[in-house]
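Q:
In full-length UniProt numbering, the protein residues as written are 1 to 144.
(1) Just the Cα atoms here: how many angstroms apart are residue 119 and residue 39?
(2) Between the Cα of residue 109 and those of 23, 45 and 126, spot the shortest distance and give me the residue it belongs to.
(3) To the nearest angstrom, how far is the alpha carbon of residue 32 from that of residue 21?
(4) Could you spell out the range, first to last residue, of the beta strand (DSSP E) harbouring residue 26?
(5) Per DSSP, which one or two residues make a beta bridge with residue 91?
(6) Figure out for me which residue from 103, 45 and 3 has the closest Cα to the Cα of residue 26.
(7) Could you please give me the residues that DSSP links to residue 102 through a beta bridge?
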């Protein structure tokens with residue numbers, strides 16, 4: 001039996017969370033995860049490819065973003081807490097309604113993530129690459 005190794009660890013936060021849904025984009029560039037904390041995190045799995053630039057956009061859901069490479073700025077401490085500080089951090093985080101379970105999926109359009117709440121709310125988010133004309137993330141909300 002071949003022994004497997006871990007090539008990449010992603011981290012959504014410091015506190016323990018129950019993951020409700022995981023989705024990979026069709027190009028395997030993005031990984032989206034929803035949790036019991038009412039958040040959806042998007043990770044860039046192609047760490048060595050160009051950087052991602054995101055801007056804060058206003059809307060019903062609070063959105064916060066980390067640095068373009070999403071590698072922890074505290075990596076100098078990784079000798080003390082290696083698993084925590086050497087992890088890949090999310091490039092985008094969406095705060096939704098806590099207490100509602102969300103399912104995530106990537107849409108047919110490039111870099112589009114759909115977030116479906118068990119309460120019937122559907123949100124679509126578009127992740128824009130650095131090379132695109134208008135940088136940032138757009139949120140489109142649909143209520144069913």
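No residue lacks a Cβ here, since even glycine has one placed at the ideal position from N, Cα and C.
A: In short:
(1) Cα to Cα, the separation comes out at about 15 Å.
(2) 126
(3) 8 Å
(4) Run containing residue 26: none; DSSP gives neither H nor E here.
(5) BP columns for residue 91 are empty, so no partner.
(6) When each option's Cα is compared against that of residue 26, the closest is 45.
(7) 117.
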